[in-house]
Ligand SMILES: [Ca+2]
Ligand SMILES: [Ca+2]
C-alpha cells in the first residue's frame, strides 16, 4: 500500500526528509512493489533518486520494472508534463522543478515535530476531560471526539488526502471508531451530545458498519441525505484516504485494501451536493466516548491541494 503522498515521495527522492521519515519510506518500499516502482520512476525522470535497488531479488525486480514501464506509459499520455520534467532534469533543476510542477499544497502537515501547529490549525474545542488531540510519534492522535480544524477556509475545487489508522482497544467491536471529515464547514461543532459538526459536506468513515457515508448539512434544515459505499476498515491498519471536491461533486477514495474487486482508483462513494456552501474550513474528528468506551484514531500527512 502506498500511503505517502507525491510531495513526500519527491522530497524523499531529493533527500529532503528527516532520518526517521527516510527509514519509514525505505522500509515500506522494500515491501511494496508499487511504491518501489513509483520511486524508481521518480529517479528515472529526475535523476536524483537516492533509493537503493541492489537488495531487490531479480524476479521481483522484473515485476517492478514491468510496473515501472506501465507508469512511464502513463507519463507519456501527458507529454507536455513529461517533456517539462525531462527538460528540468537535464538542466539540473529537477528536484525543485518537480515540486514546482506539482499543484502547490494549500495546506500540509506531517505532524513530525511533536508540536501542534497553531499556524495551520484552530484551537481544538473540548467538551470533556477525556477528549482531545495530541501530536506525537510523527502523527496526530484523536481521542473521544478529538477535533482538527483548519485555520484556513478553502474554496473548491480541492483534493484532501491523509493517512488514517484506528486502534482496536480490545472492547466490544460495536464501538469501533468512526472518522469524520467535513468540507466547507463553519468549523464549529455543536456543544450538545454527540458534539457533531452540523454543517458542510460530512464524510463519515464508519468502521463498525463498514461504510463510507456522505451527507450535506446534516444538522440543518436543508439536510441532504447522501450516498454511502461499502468499505471495510480493519483496526490497526493504515489506510490512505483521498477526497475530491470539484465544487459540487464529492468522491471518496480509499487505498490500501488490496482487493481486486475494489481498485484504488474507483471511488468508494460519490455524489452531487449542490445545496451545500461552496467554501469553508476542513474539520476532521473521531467518534465520541460512548457508554464509557473510549475511541482512538491516528492521522498523518494531511494535505489539501487544488484539484487537478
Ligand atoms: Ca507539528
Ligand atoms: Ca508524520
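In the working numbering, the protein residues as written are 257 to 564. Backbone N, C-alpha and C fix where the C-beta goes; we use that ideal spot for every residue, glycine too. This one's a predicted model, so the numbers in the text were calculated from it and none came from an experiment.
DSSP places residue 286 in the coil class of the three-state scheme, outside both helix and strand.
Taking a cut-off of 8 Å for Cβ pairs, the segment 460 to 476 and the segment 393 to 411 do not touch, as fewer than three such pairs fall below it. In this structure, residue 426 sits away from residue 439, with a CB-CB distance that is not shorter than 8 Å. In the pairwise beta carbon analysis, the segment 385 to 401 is classified as not touching the segment 528 to 535: fewer than three pairs are separated by under 8 Å. Taking the CA atoms as reference points, residue 261 sits about 33 Å from residue 479. When the five nearest sequence neighbours on each side are left out, the beta carbons in the same chain lying within less than 7 Å of the beta carbon of residue 381 are those of 403, 445, in order along the chain. Note on geometry: alpha-carbon atoms of residue 376 and residue 509 lie some 24 Å from one another. Secondary structure at residue 399: strand, using DSSP grouped into helix, strand and coil.
The straight-line gap separating the alpha-carbon atoms of residue 369 and residue 514 is approximately 31 Å.
For residue 495, same chain residues with a beta-carbon under 6 Å away, outside a window of 5 residues either side, are 420, 510, 512 in chain order.
Look at residue 429 here: in three-state DSSP terms it is helix. Straight-line measurement puts the Cα of residue 529 at about 39 Å from the Cα of residue 296.
Within the same chain, and ignoring the five residues on either side of residue 549 in sequence, the residues whose Cβ sits closer than 6 Å to its Cβ are 427, 431. Here the distance from the Cβ of residue 469 to the nearest heavy atom of ligand 1 is not below 7 Å. In the structure shown, the three-state DSSP call for residue 297 is helix. The segment 460 to 501 contains, as complete beta strand (DSSP E) runs of 3+ residues, the segments 467 to 472, 480 to 486, 495 to 501 (chain order). If you measure from each CB to the nearest heavy atom of ligand 1, the residues under 7 Å come out as 365, 367, 368, 369, 370, 371, 372, 373, 391. Beta-carbon to beta-carbon, residue 362 and residue 562 are separated by about 7 Å, close enough to satisfy the 8 Å threshold.
Counted as a single uninterrupted DSSP element, the alpha helix (DSSP H) harbouring residue 264 occupies residues 262 to 269. For residue 291, the secondary structure class from DSSP, reduced to helix, strand or coil, is helix. Residue range 525 to 528 is occupied by the beta strand (DSSP E) that includes residue 525.
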